[in-house]
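Report on one structure; see the data block that follows.
There are 2 protein chains.
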Amino acid sequence: MKLKVFVTLKPGVLDPQGRAIHHALGSLGFEGVQDVRQGKLIELEVADDTDDATIDGMCRKLLANTVIENYRVERA
Amino acid sequence: MKLKVFVTLKPGVLDPQGRAIHHALGSLGFEGVQDVRQGKLIELEVADDTDDATIDGMCRKLLANTVIENYRVERA
Numbered sequence: 121m122k123l124k125v126f127v128t129l130k131p132g133v134l135d136p137q138g139r140a141i142h143h144a145l146g147s148l149g150f151e152g153v154q155d156v157r158q159g160k161l162i163e164l165e166v167a168d169d170t171d172d173a174t175i176d177g178m179c180r181k182l183l184a185n186t187v188i189e190n191y192r193v194e195r196a
Numbered sequence: 121m122k123l124k125v126f127v128t129l130k131p132g133v134l135d136p137q138g139r140a141i142h143h144a145l146g147s148l149g150f151e152g153v154q155d156v157r158q159g160k161l162i163e164l165e166v167a168d169d170t171d172d173a174t175i176d177g178m179c180r181k182l183l184a185n186t187v188i189e190n191y192r193v194e195r196a
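Heads up: the sequence lines are chains A and B, in that order. If you want our numbering, it's the position in the first sequence, counting the first as 1, plus 120. If you want our numbering, it's the position in the second sequence, counting the first as 1, plus 120.
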C-alpha cells in the first residue's frame with residue numbers, strides 16, 4: 121500500500137528555507153511571488169494491513185516534529 | 121494564487137534520506153515498511169496573473185534539479 125505524508129511547518133513558524141527560495145526567485149527575475157513555504161513529501165510503501173494507528177505513530181514519532189510541524193496522510 | 125509544487129527524485133536515483141527514514145522506522149519497531157522516498161513540497165503564493173510558462177521557469181531554474189528530480193505543479 122502506498123502512502124503519501126505531507127509535512128508542513130505550522131503557520132507562524134519561521135521558514136528560513138522558504139525565505140531563501142523567495143529571495144532567490146526574486147534575484148532570478150521572477151516577480152509577483154508573495155510567499156514561499158517549504159515542506160516535505162514522504163512516500164512510503166507499507167504492508168496492506170498497516171492500520172491508521174501505526175501510520176499515525178510513524179508520523180508522530182519520526183516523520184514530523186509535531187511541535188512545529190503539521191502532517192497529513194494520503195493513501196495513494 | 122496559491123501553488124503547490126511537488127518535487128520528487130526520479131525513479132532509480134539513490135535516496136539516502138529515504139533510506140535513513142526507512143532504517144529509523146525499523147529501529148523504532150515499525151514493521152512492514154518496504155520503501156521510503158523523501159521529496160519536497162513547496163507552497164507558493166503568487167500573483168493571480170502568473171502564467172504557466174513563468175511557473176515552469178521557476179521550477180526548472182530553481183525549485184527542482186531536473187537532472188535527478190521530477191516536479192508537478194498543482195494550483196490550490
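Every residue, glycine too, gets a C-beta built ideally from N, C-alpha and C.
8 Å Cβ cutoff, B:THR174 in contact with chain A: Taking the second sequence and counting its residues from 1, the one referred to as residue 174 of chain B is at position 54. So, interface residue.
Residue-level contact to chain A via CB, B:LYS130, 8 Å cutoff: Sequence index remark: in the second sequence, residue 130 of chain B carries index 10 (1-based). For B:LYS130, no CB of chain A lies under 8 Å from its own CB, so it is not counted at the interface with that chain.
Candidates B:ASN190, B:LEU134, B:CYS179, B:GLY146, of which the one nearest A:ALA144 by Cα: Stepping through the first sequence from its first residue, residue 144 of chain A is reached at position 24. Nearest Cα to A:ALA144 within the set B:ASN190, B:LEU134, B:CYS179, B:GLY146: B:CYS179.
Three-state class that DSSP yields for B:GLY188 in the structure shown: For the purposes of this step, residue 188 of chain B is taken as the residue at position 68 of the second sequence. The residue asked about is misnamed: residue 188 of chain B is Ile in this sequence, not Gly. DSSP places B:ILE188 in coil when its eight states are reduced to three.
Beta-carbon proximity of A:GLU165 to A:LYS124, cut-off 8 Å: By 1-based counting over the first sequence, the position of residue 165 of chain A is 45. By 1-based counting over the first sequence, the position of residue 124 of chain A is 4. No. Outside cutoff.
Option in B:GLU194, B:ARG195, B:ASN190 with minimal Cα separation from B:LEU129: The residue you call residue 129 of chain B lines up with position 9 of the second sequence. For the residues B:GLU194, B:ARG195, B:ASN190, the minimum Cα distance to B:LEU129 belongs to B:ASN190.
Buried versus exposed, by CB contacts within 10 Å (16 or more), B:ALA173: Along the second sequence, read from residue 1 onward, the residue named residue 173 of chain B stands at position 53. By the beta-carbon neighbour count (other beta carbons within 10 angstroms, threshold 16), B:ALA173 is exposed.
Unbroken beta strand (DSSP E) run spanning A:LEU145, endpoints: Taking the first sequence and counting its residues from 1, the one referred to as residue 145 of chain A is at position 25. It is not in any beta strand (DSSP E) - A:LEU145 instead sits in the alpha helix (DSSP H) that spans 136-147.
Selected residue, minimal CA-CA separation from A:LYS181, among B:LEU161, B:GLN154, B:GLY149, B:LYS160: For this step, residue 181 of chain A is matched to residue 61 along the first sequence. Restricting attention to B:LEU161, B:GLN154, B:GLY149, B:LYS160, the CA atom closest to the CA of A:LYS181 is found in B:GLY149.
Beta-carbon neighbours of A:THR170, restricted to chain B and to distances below 7 Å: By one-based count along the first sequence, residue 170 of chain A stands at place 50. Here the neighbours are GLY152.
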